[in-house]
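Undergrad:
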Amino acid sequence: MDSRFAGKKILLLDGLTSQCLEYTKAFNGLGCDTTVLCDDRFDTCYASKHPKHKILGVSNVRDLKGTEEWILKLVKSGEYDVVIPFTEYSATILSHHKKELSTYAHLIVNDQDVFDYAQDKNNVMKVCMENDLPCPMTIYDAKSVDDILASNIKFPIILKPSHGFGSHGFHKIGTKEELAACVEKFDIDVSEMVVQEYIPQEGLNVADNLFVDKEGNTKSAFTYASYRFYPIDGGSGVLNETIDRKDIHDISTQLVKKMGLHGPVGVDMIIDARDDTPKVLEVNLRPIACAKLGFLSGINTAQQIMEDLYADEVTPMQQYKTGIRVRRSQIDWMWFIKSPNRFKTKPSWFDRRNTVDQLFSWSDPGPWFAFFIYGFRKFLRER
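So in the working numbering the end of the sequence shown lands on 396, straight run, no missing numbers.
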């Protein structure tokens, strides 16, 4: 317990997410009074013993209006000192209402103008290209197929939405003829897309996760690599490991400073296997799903958040343990069933050294089983 923060009331949104659970435990360790907003009794945090208080309301991407109403109601109650989001949609809601809601609580989110600018992947690419930070070559002002063809970009290229996350709307295009056909078939508005060179997938997907204080100083960062993904063709990482790459940290530190970001920030990159250069793909303006890696490797971002709000100085935490792995076991099983490389992957699927499960613990097994049931119900709905 930290006497500086004992009794501070923390509202954690998005109780479905695994990072919400990790931050709940970390805030509890500081002596804070934690409340989580959940959408379902099978949400990760609702099934856990760790939250001091649980609210069953609306918190999901399928009902953004209802989610917004619940968030506004809870923050305006004045019962909480700090509010922290863990998904893009709840972070967007908080950011867009920050001026109004900041009279009630500290919101761990960037101001709306900064937030909206950074959420546009084209803007991120523009900042990188204007400041010689490595990223895929991007045509960030294309309005039509003709604009793309008139540029000097080489095929293959990719088209992906400039806003949003995941692989939805992602298209790999090999030729000029395929480009015109794809845009017509899917009725794509080119001005709403990121148009950039295709980076061969032989390299690692990596991310640098930073905490930037209110003065704009990076006070901590840890880097991890993702070795397996599900869905295989563009899903989330199911085995992630902390690594040491100073070049990745240097790039991300420069980027967040150029963009004026603060708080928890994740910078996603891909290693271009052709020259071993990490290239920026996007930024995440919230705690990321692999937050557990940070806590296990020695970086307590929850403490840094509270120090940034209530203390004179934020404790620097630049050193972290490498070789720590976190595995999403249920989804990794799906990867094993579906992947043709199940016996060839490195690290081996059977290698459990230095590996901790994303959700399971003997002292609090509920979240693991809740996530399993949640996933099975989702599978049945989408059949």
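Backbone N, C-alpha and C define an ideal beta-carbon position, used for all residues, glycine too.
Does DSSP put Gly379 in a helix, in a strand, or in coil?
TA: In this structure, Gly379 counts as helix in the three-state DSSP scheme.
Undergrad: Using the beta-carbon count (16 or more within 10 Å), is Val74 buried or exposed?
TA: Exposed: under 16 other Cβ atoms inside 10 Å.
Undergrad: Residue ranges of each beta strand (DSSP E) run of no fewer than 3 residues wholly in the stretch 109 to 171, ordered along the chain?
TA: If we require 3 residues or more, the stretch 109 to 171 turns out to have no beta strand (DSSP E) run fully inside it.
Undergrad: Counting beta carbon pairs with one atom in the stretch 194 to 206 and one in the stretch 238 to 252, are three or more of them shorter than 8 Å?
TA: No, because fewer than three Cβ pairs between the stretch 238 to 252 and the stretch 194 to 206 fall closer than 8 Å, the two stretches do not touch.
Undergrad: How close, in whole Å, do the beta carbons of Pro147 and Pro291 come, if the pair is a contact with beta carbons under 8 Å?
TA: Indeed, because the Cβ distance is near 7 Å, the residues count as touching under 8 Å.
Undergrad: Assign Arg287 to buried or exposed, taking buried as 16 or more other Cβ atoms, counted over all protein chains shown, within 10 Å of its Cβ.
TA: The residue is exposed, with fewer than 16 neighbouring Cβ atoms inside 10 Å.
Undergrad: Straight-line CA distance for Lys139 to Phe128?
TA: Lys139 and Phe128: Cα-Cα distance of roughly 16 Å.
Undergrad: Tell me where the beta strand (DSSP E) around Asp345 begins and ends.
TA: No beta strand (DSSP E) contains Asp345, which is instead part of the alpha helix (DSSP H) from 342 to 351.
Undergrad: When DSSP builds the beta bridges, which residues end up paired with Pro291?
TA: In DSSP, Pro291 forms a bridge with Ile284.
Undergrad: Please confirm whether Asp46 and Ile68 have their CB atoms less than 8 Å apart.
TA: Against a cut-off of 8 Å, the Cβ pair of Ile68 and Asp46 comes out as no contact.
Undergrad: Would you identify the three-state DSSP class for Glu215, choosing helix, strand or coil?
TA: Here Glu215 sits in coil by DSSP.
Undergrad: Ile161 and Glu210 - do their beta-carbons sit closer together than 8 Å?
TA: Against a cut-off of 8 Å, the Cβ pair of Ile161 and Glu210 comes out as no contact.
Undergrad: Once you ignore the five residues that flank Asp27 on each side, which residues in its own chain have a CB closer than 8 Å to its CB?
TA: Closer than 8 Å at the Cβ level, and outside the excluded window around Asp27, lie Cys33, Leu50, Ser72, Pro98, Phe99, Thr100, Ser103.
Undergrad: With H, G and I counted as helix, E and B as strand and the rest as coil, what does DSSP make of Thr105?
TA: Looking at Thr105 - three-state DSSP - the assignment turns out to be helix.
Undergrad: Could you spell out the range, first to last residue, of the alpha helix (DSSP H) harbouring Cys33?
TA: Per DSSP, Cys33 belongs to the alpha helix (DSSP H) from 31 to 42.
Undergrad: Quick check: the Cα distance between Asn354 and Asp285, rounded to an integer number of angstroms?
TA: Cα to Cα, Asn354 sits roughly 21 Å from Asp285.
Undergrad: Are Tyr237 and Val219 close, meaning C-beta to C-beta below 8 Å?
TA: Yes.
Undergrad: Put Met330 into one of helix, strand or coil per three-state DSSP.
TA: Met330 falls in the strand class under three-state DSSP.
Undergrad: Please state whether the Cβ-Cβ distance between Thr255 and Ile344 is less than 8 Å.
TA: No. Outside cutoff.
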